[in-house]
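Chemist:
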Amino acid sequence: MARKKISTTIYITPEQNERLKALNQKTKVPVAEYIRQGIDLVLDKYKAQLPGQATFDELS
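Quick look at the structure:
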């Protein structure tokens with residue numbers, strides 16, 4: 001079952017738009033999916049800065 005999504009507005013450069021559209025035309029994957037994947041990559045990269053439980057490695 002697909003997860004519920006919320007609508008939001010983002011601003012990208014014309015170059016990013018062109019490249020995303022070209023990728024979409026070649027792969028048929030929606031541009032929004034690529035944007036969600038990019039957000040997931042950033043969130044994973046900075047997960048240590050997000051609030052939550054500390055791991056044992058962070059405590060030592």
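Under our numbering, the first residue of the sequence shown is numbered 1, with each subsequent residue one higher.
Yeah, the Cβ is synthetic: ideal placement off N, Cα and C, and Gly gets one too.
Where does T13 fall in DSSP's three states?
Modeler: Here the question's residue 13 lines up with position 13 in the sequence shown. DSSP, read as helix, strand or coil, puts T13 in coil.
Chemist: Please report the Cβ distance between L41 and Y34, rounded to the nearest whole angstrom; I am assuming they are in contact, meaning their Cβ atoms lie under 8 angstroms.
Modeler: Residue 41 sits at position 41 when you count from the first residue of the sequence shown. Residue 34 sits at position 34 when you count from the first residue of the sequence shown. Between Y34 and L41 the Cβ distance is about 11 angstroms, and since that is not below 8 angstroms, they are no contact.
Chemist: Compute the Euclidean distance between the alpha carbons of P14 and P30, then round it to the nearest angstrom.
Modeler: Locating residue 14 in the sequence shown gives position 14, where the first residue counts as 1. Locating residue 30 in the sequence shown gives position 30, where the first residue counts as 1. Each residue's Cα considered, the two are about 17 angstroms apart.
Chemist: Compute the Euclidean distance between the alpha carbons of K26 and L20, then round it to the nearest angstrom.
Modeler: Residue 26 sits at position 26 when you count from the first residue of the sequence shown. Residue 20 sits at position 20 when you count from the first residue of the sequence shown. Each residue's Cα considered, the two are about 10 angstroms apart.
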